[in-house]
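Heads up, the thing below is written out as structure tokens.
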Amino acid sequence: MFDMLRQAQMLKEKMAQFQKELESQSFTGTSGDGKVTVTMNGKHQVQKVVIDPQTAASGNTEILADLVKTAANDAGRQVNDRLKDEVSKMTGGLGLPGMF
430 MFDMLRQAQM LKEKMAQFQK ELESQSFTGT SGDGKVTVTM NGKHQVQKVV
480 IDPQTAASGN TEILADLVKT AANDAGRQVN DRLKDEVSKM TGGLGLPGMF
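So in the working numbering, the last one in the sequence shown is 529, and the numbering has no gaps at all.
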């Protein structure tokens, strides 16, 4: 029993350390063959949006909004995939409920 509690505490500490590392990393999503890129950190906070000038000048705000949304979702998916992979490594693939 004591050993399980110690392992749980170690896992908690590892996860906290990983969370800090993840927050400092950047993930870049793209859409429209690179016409729009969105960069976010591991906290899912958008840090940068780059839009190809020709795409911006097209005046089609509906398409532009969709490209930005798609790029942001791509970056967010990368954050989630990284987190999921790391949690799986830490837990040995146990698939703990509520984790993903």
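Don't be surprised by glycine CBs; every beta carbon is placed ideally from N, CA and C.
By the CB criterion at 8 Å, T490 and K477 fall outside the cutoff. Under a 10 Å Cβ-count criterion, V479 is classified as exposed, with fewer than 16 other Cβ atoms of the shown protein chains found around its own Cβ. In this structure the segment 445–465 touches the segment 486–503; the number of beta carbon pairs closer than 8 Å is three or more. In the DSSP annotation of this structure, the continuous segment of the alpha helix (DSSP H) that includes G505 starts and ends at 490–520. Apart from sequence neighbours up to five positions away, the residues of its chain that approach M519 with a beta-carbon distance below 7 Å are L440, K443, M444, ordered along the chain.
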